[in-house]
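What follows is a set of notes on a single structure, which appears directly below.
Below you can see the structure in the form of structure tokens.
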């Protein structure tokens, strides 16, 4: 899917502004979602050109600031290219974190499942051995699906959407010959993994929101 990406430098007046230099902000927009960063630079608003997002004039201080903003723009392009090259999700927040020096390590689906299973294993006695066995099957089936569908086992959880969920269910039914009810029960376990991601704010959108899997009465 083609992304709409934009970078804008602008001055932002505070509510109690009464004159003087104004801070310069950087706004990153990806598919309509914005994130802003204060650049720690202030300048006379009378010399700011809102159309170009740069300072007007040829004085040394204006030239230095514009050179700094141009360097930031190049950095923005490099960060964007690096996120794409490494297969990470490109959002306004991921780009912001790179700019701010807070590089967010991507979370991979199988790692989340493995961590869940290790916690479940530690609770055997409170949780049944059968439940743990089912989640081990979930991990194996998920790994197989990732390998078949994407050719890799490392899959960023932020990329999981309703198409992923639908294709996963189809994989279970077509490759493992699961009946509808068995597939639905398996997807309920997978939904628990997704709920963990949502609860921890590792993802913000529920890929199951439009999924309509339902058990059928025998």
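Numbering (this note's numbering), first residue to last: 7 to 224.
Think of the CB as a built atom: it goes at the ideal place given N, C-alpha and C, for glycine as much as any other residue.
What you are looking at is a predicted structure, and each value in this text was computed from that prediction instead of being measured.
Here the stretch 176-186 lies against the stretch 147-155, with 3 or more beta-carbon pairs under 8 Å apart.
By the neighbour-count criterion, in which a residue is buried when 16 or more other Cβ atoms sit within 10 angstroms of its Cβ, residue 91 is exposed. In this structure, residue 144 lies near residue 119, with their beta-carbon atoms less than 9 Å apart. Note that the C-beta distance between residue 162 and residue 114 is below 9 Å.
Annotated three-state conformation of residue 77 is helix, per DSSP. Assignment of residue 212 by DSSP, reduced to helix, strand and coil, places it in the coil class.
Annotated as proximal: residue 102 and residue 34, with beta-carbon spacing under 9 Å.
By the Cβ criterion, the stretch 46-66 is not in contact with the stretch 81-90, since fewer than three pairs of Cβ atoms, one from each stretch, lie closer than 8 Å.
The stretch 105-157 is shown to contain whole alpha helix (DSSP H) runs of 4 or more residues at 115-128 and 135-156, in chain order. Assignment of alpha helix (DSSP H) within the stretch 155-186, counting only whole runs of 4 or more residues, yields 168-181 in chain order. Note: residue 29 is bridge-paired with 48 in the DSSP secondary-structure output.
Secondary structure note for residue 12: its beta strand (DSSP E) is the uninterrupted segment 11-17.
With 16 or more neighbouring CB atoms inside 10 Å of its own CB, residue 164 falls in the buried class. Note that the C-beta distance between residue 44 and residue 27 is not below 9 Å.
Secondary structure of residue 42 (DSSP, three-state): strand.
Taking the Cα positions, residue 149 is about 20 Å away from residue 209. Taking a C-beta distance under 9 Å as the contact criterion, residue 116 and residue 159 qualify as a contact pair.
In this structure, the beta-carbon distance from residue 97 to residue 191 does not fall below 9 Å. If you compare the alpha carbons of 15, 93 and 126 with that of residue 112, the shortest gap goes to 93.
In the structure shown, residue 206 adopts coil according to DSSP, grouped into three states.
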